[in-house]
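Participant: Starting off with a structure, shown below.
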Amino acid sequence: MNNELSAIEKTVLSDYKYGFVTEIEADEAPPGLNEDTIRFISAKKNEPEWMLEWRLKAYNHWLKMQEPSWANIKYDAINYQDIKYYSAPKQKKKVNSLDEIDPELRKTFEKLGISLDEQKRLSGVAIDAVIDSVSIGTTFKEQLAELGIIFCSISEAIQEHPELVKKYIGSVVPITDNYFSALNSAVFSDGSFCYIPKGVRCPMELSTYFRINAEGTGQFERTLLIADEGSYVSYLEGCTAPIRDENQLHAAVVELIAMENAEIKYSTVQNWYPGDKDGVGGIYNFVTKRGICQGAHSKISWTQVETGSSITWKYPSVILKGDHSVGEFYSVAVTNNHQQADTGTKMMHLGKNTRSRIVSKGISAGVSNNSYRGLVHVGKNAANARNFSQCDSLLLGDKCGAHTFPYIEVKNNTAVVEHEATTSKIGEDQIFYCNQRGIDTETAVALIINGFAKEVMNQLPMEFAVEAQKLLAISLEGSVG
Amino acid sequence: MLSIKNLHANIDDKKILKGINLEIKPGEVHAIMGPNGSGKSTLASVLAGREDYEVTEGTVEFAGKDLLDLSPEERAGEGLFLAFQYPVEIPGLSTTNFIKTAVNEVRKYRGEEPLDAVAFLKLMKEKMAMVNIDQSLLSRSLNEGFSGGEKKRNEVFQMAMLQPKLAILDETDSGLDIDAIRIVANGVNKLRSKDNAVLVVTHYQRLLDYIVPDFVHVLYNGRIVKSGPKELAFELEEKGYDFIKNEFKVEA
Numbered sequence: 000m001n002n003e004l005s006a007i008e009k010t011v012l013s014d015y016k017y018g019f020v021t022e023i024e025a026d027e028a029p030p031g032l033n034e035d036t037i038r039f040i041s042a043k044k045n046e047p048e049w050m051l052e053w054r055l056k057a058y059n060h061w062l063k064m065q066e067p068s069w070a071n072i073k074y075d076a077i078n079y080q081d082i083k084y085y086s087a088p089k090q091k092k093k094v095n096s097l098d099e100i101d102p103e104l105r106k107t108f109e110k111l112g113i114s115l116d117e118q119k120r121l122s123g124v125a126i127d128a129v130i131d132s133v134s135i136g137t138t139f140k141e142q143l144a145e146l147g148i149i150f151c152s153i154s155e156a157i158q159e160h161p162e163l164v165k166k167y168i169g170s171v172v173p174i175t176d177n178y179f180s181a182l183n184s185a186v187f188s189d190g191s192f193c194y195i196p197k198g199v200r201c202p203m204e205l206s207t208y209f210r211i212n213a214e215g216t217g218q219f220e221r222t223l224l225i226a227d228e229g230s231y232v233s234y235l236e237g238c239t240a241p242i243r244d245e246n247q248l249h250a251a252v253v254e255l256i257a258m259e260n261a262e263i264k265y266s267t268v269q270n271w272y273p274g275d276k277d278g279v280g281g282i283y284n285f286v287t288k289r290g291i292c293q294g295a296h297s298k299i300s301w302t303q304v305e306t307g308s309s310i311t312w313k314y315p316s317v318i319l320k321g322d323h324s325v326g327e328f329y330s331v332a333v334t335n336n337h338q339q340a341d342t343g344t345k346m347m348h349l350g351k352n353t354r355s356r357i358v359s360k361g362i363s364a365g366v367s368n369n370s371y372r373g374l375v376h377v378g379k380n381a382a383n384a385r386n387f388s389q390c391d392s393l394l395l396g397d398k399c400g401a402h403t404f405p406y407i408e409v410k411n412n413t414a415v416v417e418h419e420a421t422t423s424k425i426g427e428d429q430i431f432y433c434n435q436r437g438i439d440t441e442t443a444v445a446l447i448i449n450g451f452a453k454e455v456m457n458q459l460p461m462e463f464a465v466e467a468q469k470l471l472a473i474s475l476e477g478s479v480g
Numbered sequence: 000m001l002s003i004k005n006l007h008a009n010i011d012d013k014k015i016l017k018g019i020n021l022e023i024k025p026g027e028v029h030a031i032m033g034p035n036g037s038g039k040s041t042l043a044s045v046l047a048g049r050e051d052y053e054v055t056e057g058t059v060e061f062a063g064k065d066l067l068d069l070s071p072e073e074r075a076g077e078g079l080f081l082a083f084q085y086p087v088e089i090p091g092l093s094t095t096n097f098i099k100t101a102v103n104e105v106r107k108y109r110g111e112e113p114l115d116a117v118a119f120l121k122l123m124k125e126k127m128a129m130v131n132i133d134q135s136l137l138s139r140s141l142n143e144g145f146s147g148g149e150k151k152r153n154e155v156f157q158m159a160m161l162q163p164k165l166a167i168l169d170e171t172d173s174g175l176d177i178d179a180i181r182i183v184a185n186g187v188n189k190l191r192s193k194d195n196a197v198l199v200v201t202h203y204q205r206l207l208d209y210i211v212p213d214f215v216h217v218l219y220n221g222r223i224v225k226s227g228p229k230e231l232a233f234e235l236e237e238k239g240y241d242f243i244k245n246e247f248k249v250e251a
């Protein structure tokens, strides 16, 4: 029995294959955070006055806040004065088209399997590539513009579409919301912006790829996505970082707004560097993601595959304001070695006949800790609200932990709220059964965890489902299963 | 094909197998019978390579190789198949996907190209007809919510797909009614050929009405105490295991 367990454990020691560093000169702010840092960032981006004021307001609010300590995670205090808040790869000249991107940067993304060449790109996926603090290019912009779709970096949106940014930024996640979102509001340096006009069904997947490259920097990106009445968009984000023995902070904010009859499908494949097997290094991923179903019959669906980061703290949420609106949260979170994840969702039922569905699959290995934390809130006017939650945990080995913290607040007695939870252990019987059929242990573990996570993986866009399956396997194994 | 010599095996320092000798040639069907706790399932598990058991003495040669030196998946690659007494459930993994992975992993071990989707489907259709299994069962999660009969039929289907040199059936009849036993046995019989062999491990004689063995061995207290033609099974059925127990009490 002990031998079999160690066989499983052996296979969960993973190699992180995105851990390289690109040698490129960077234009950086010195470490430290004060008003000057914020002015520096804002000036670098040539921002209008209102944006700077907004940032400073957030900063001053942040100064008064306390770092939250309620999550089931442990880490040494972060010194916010040690972090560099701005780092941009130096490009020789201003880039007018994707063809002019520095070859080093282009190569970086190619190594990650992301081609910035539109011809070579998977047809049906437009991409915005963000490295450290800035976006270096967005593909298929012209084709999308023909439909009235705006897809660009948030910096560009602040310049080109200030009325939209001004109206919506901070409308879902206000600067006062929480410690990390306040910090992000003060120092965010780039991210993606997307606007889908009325009645338009976005014909391709929109995608942002985030890469942390420079040492000692934090990444603070801001994503704002607005789906106007009757529109549809499917959006995907991916992320990686080099292997370093320091912890790097990633504090992003994502805001989604769905108008009447609009639908937003937002998928994340999160693969930040998780730290080594002894827990040294890795990304602190403290992220605030929230969407609002503003109009009636709107829908927001979050799907996340979380395999990276040394610490993950994120709760993609939906405010179900419009009547008959629908919120969904599908999550697979894998923790291995010393990784810690405290993740889940909040479903805030405010409108009538609103529905939400939560499917969370946690997979723990090594000495990691994996927590699901979720809130289902039904307001007093939310007649006939309906929620179904399912939280399943799978344990590999006997030194890891799985925890579930469900919170339910119901203020309307017509609500129906259901919660199911299971915890199971990957069995040596299952492994042996596979072995006996000629399947080695690594492949067997991959088959079992992909089976466990299937309901969530099925929600991913086709183009990414296969990649995500492989990623699950890699996170838990020495090689691809 | 299979040559077991003086095989001893322990679990948690408890001696279970105490010197097994057995020779199986291609085309033969052998039955191992014995009372509960005699070591029948242990023998099947040791041959398949389950790590809970420690082999302390003896040798096993299979298809010219030292079987005990191979990992469970290598043994499968060499053509050894175990039909489990309790087939395992894997939620979310479709039976078809599982079998496809198994077939291609075994092919890889043998240095063969993996079957593409079309070739795999063709093979599957052919074998489905052979062992009389329904498509709907194969698109469900592996063994999840299967009845006892469905699980065993699935085992025989996997055996048909993998075409092993030696198939070990571990108490395949347990928990099945007589109709289910007949269906499973028919499947196994269709897979018999002059090149492969079957080792049937069973407590009851009734399975042997349908899978007729060439040799019957009685396992008792970790040793094969009696071997004979198929009629030995009838004798056991008639007299019960007590006569074996009485006969060999001294050695126990």
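So the sequence lines, in the order shown, correspond to chains X and A. Numbering of the first sequence is given in numbering that gives the first Met the number 0, commencing with residue 0 and proceeding in unit increments. Numbering of the second sequence is given in numbering that gives the first Met the number 0, commencing with residue 0 and proceeding in unit increments. Beta carbons: idealized from backbone N, C-alpha and C, even for Gly.
Would DSSP call residue 88 (chain A) helix, strand or coil?
Facilitator: In this structure, residue 88 (chain A) counts as coil in the three-state DSSP scheme.
Participant: Please report the residue range of the beta strand (DSSP E) in which residue 408 (chain X) lies.
Facilitator: Residues 400-409.
Participant: Name the chain A residues that come within less than 7 Å of residue 428 (chain X), Cβ to Cβ?
Facilitator: 87, listed in chain order.
Participant: For residue 379 (chain X), is the classification buried or exposed, using 16 other Cβ atoms within 10 angstroms of its Cβ as the cut-off for buried?
Facilitator: When all chains shown are included, residue 379 (chain X) counts as exposed.
Participant: Label residue 164 (chain X) either buried or exposed according to how many other C-beta atoms from any shown protein chain fall within 10 Å of its C-beta, with 16 as the threshold for buried.
Facilitator: Looking at its Cβ environment, which holds 16 or more other Cβ atoms inside 10 Å, residue 164 (chain X) is buried.
Participant: Note down, in chain order, all residues in the region 101-117 of chain A with a beta-carbon under 7 Å from any beta-carbon belonging to chain X.
Facilitator: Answer set for the region 101-117 of chain A: 101, 104, 105, 108.
Participant: Output, in chain order, the set of chain X residues within a Cβ distance shorter than 9 Å of residue 159 (chain A).
Facilitator: Within 9 Å Cβ-Cβ: nothing; residue 159 (chain A) doesn't reach chain X, min ~13 Å.
Participant: How long is the line joining the alpha carbons of residue 104 (chain A) and residue 113 (chain A), rounded to whole angstroms?
Facilitator: Going by the C-alpha atoms only, they are around 8 Å apart.
Participant: Establish whether the CB of residue 138 (chain A) and some CB of chain X are separated by less than 8 Å.
Facilitator: Taking Cβ atoms only, chain X never reaches closer than 8 Å to residue 138 (chain A), which makes this a no.
Participant: Starting from the Cα of residue 148 (chain X), find the closest Cα among X:210, X:231, X:356 and give me that residue.
Facilitator: Out of X:210, X:231, X:356, X:231 has the C-alpha closest to the C-alpha of residue 148 (chain X).
Participant: Where does residue 70 (chain A) fall in DSSP's three states?
Facilitator: Here residue 70 (chain A) sits in coil by DSSP.
Participant: Does DSSP put residue 305 (chain X) in a helix, in a strand, or in coil?
Facilitator: Three-state result, residue 305 (chain X): strand.
Participant: Would residue 76 (chain A) pass as an interface residue toward chain X - the criterion being a Cβ-Cβ separation below 8 Å?
Facilitator: It does: the Cβ of residue 76 (chain A) has a partner Cβ on chain X nearer than 8 Å.
Participant: When the Cα atoms are used, what is the spatial distance from residue 204 (chain X) to residue 235 (chain X)?
Facilitator: Whole-angstrom Cα-Cα distance: 7 Å.
Participant: Quick one: give me the first and last residue of the beta strand (DSSP E) that residue 86 (chain X) is part of.
Facilitator: Residue 86 (chain X) -> beta strand (DSSP E) spans 86-88.
Participant: Does chain A have any CB closer than 8 Å to the CB of residue 435 (chain X)?
Facilitator: At least one chain A Cβ lies under 8 Å of residue 435 (chain X).
Participant: I'd like to know if residue 242 (chain A) contacts chain C, where contact means its C-beta is closer than 8 Å to some C-beta of that chain.
Facilitator: Absent from the structure is chain C; the protein chains it does hold are X and A.
Participant: Thinking just about the alpha-carbon of each residue, which of X:128, X:196, X:172 is nearest to the one in residue 151 (chain X)?
Facilitator: It is X:128 whose Cα lies nearest to the Cα of residue 151 (chain X).
Participant: Would a check of beta-carbon distances place residue 450 (chain X) closer than 8 Å to chain A?
Facilitator: By this cut-off, residue 450 (chain X) is an interface position.
Participant: Residue 120 (chain X) to residue 9 (chain A), Cα distance in whole Å?
Facilitator: Residue placement at residue 120 (chain X) is poorly supported in this model, since its pLDDT is 49, which falls under 50; the coordinates still yield a value, given next. When rounded, the distance between both Cα atoms is 58 Å.
Participant: What residues from chain X crowd round residue 92 (chain A), counting only those whose CB sits closer than 9 Å?
Facilitator: Neighbours of residue 92 (chain A) on chain X, chain order: 446, 447, 449, 450, 451, 453.
Participant: Quick check: the region 34-45 of chain A against the region 214-221 of chain A, are there 3 or more CB pairs under 8 Å?
Facilitator: Contact between the region 34-45 of chain A and the region 214-221 of chain A is present, because at least three Cβ pairs lie under 8 Å.
Participant: Closer than 8 Å is the cut-off here; do at least three beta carbon pairs connect the region 179-192 of chain A with the region 90-103 of chain A?
Facilitator: Verdict: no, contact absent.
Participant: Against residue 397 (chain X), what residues of chain A qualify as contacts under a CB-to-CB distance less than 7 Å, listed in chain order?
Facilitator: The premise fails here: residue 397 (chain X) is roughly 17 Å from chain A at the closest Cβ pair, so nothing lies under 7 Å.
Participant: Where residue 431 (chain X) and residue 49 (chain A) are concerned, what is the direct C-alpha to C-alpha distance, given to the nearest angstrom?
Facilitator: Whole-angstrom Cα-Cα distance: 7 Å.
Participant: Just reading off the alpha helix (DSSP H) that residue 178 (chain X) is part of, what are its end residues?
Facilitator: Counting along the chain, the alpha helix (DSSP H) containing residue 178 (chain X) begins and ends at 178-186.
Participant: In the DSSP assignment, find the unbroken beta strand (DSSP E) run with residue 293 (chain X) in it and report its ends.
Facilitator: Note, residue 293 (chain X): premise wrong, no beta strand (DSSP E); not H, not E.
Participant: 8 Å is my cut-off, CB to CB: does residue 61 (chain A) come that close to chain X?
Facilitator: Taking Cβ atoms only, chain X never reaches closer than 8 Å to residue 61 (chain A), which makes this a no.
Participant: Distance, Cα to Cα, residue 59 (chain A) vs residue 76 (chain A)?
Facilitator: Distance between the alpha carbons of residue 59 (chain A) and residue 76 (chain A): 16 Å.
Participant: How many angstroms separate the CA atom of residue 170 (chain X) from the CA atom of residue 263 (chain X)?
Facilitator: Their Cα atoms are separated by approximately 17 Å.
Participant: Excluding the 5 residues flanking residue 389 (chain X) on each side, which residues of the same chain have their C-beta closer than 6 Å to its C-beta?
Facilitator: Around residue 389 (chain X): 358, 419.
Participant: Mind checking if residue 69 (chain A) is an interface residue toward chain X, Cβ cutoff 8 Å exclusive?
Facilitator: Chain X, which has no Cβ nearer than 8 Å to the Cβ of residue 69 (chain A), makes this no.
Participant: For residue 216 (chain X), write down the residues that DSSP places opposite it in a beta bridge.
Facilitator: Looking at the DSSP assignment, residue 216 (chain X) forms a beta bridge with X:83.
Participant: Any heavy atom of the ligand NAD inside 7 Å of the beta-carbon of residue 179 (chain X)?
Facilitator: Inclusion of the ligand NAD in the displayed structure is not the case, the ligand content being empty and no account of it being possible.
Participant: Enumerated in chain order, which unbroken segments of the beta strand (DSSP E) with a length of 3 residues or greater are wholly contained in the region 138-172 of chain A?
Facilitator: Segments of the beta strand (DSSP E) lying fully in the region 138-172 of chain A: 165-169.
Participant: What distance in whole Å lies between the Cβ atoms of residue 171 (chain A) and residue 120 (chain A), which are believed to be in contact at a cut-off of 8 Å?
Facilitator: Not quite, the Cβ-Cβ distance comes to about 27 Å (not below 8 Å), so this is no contact.
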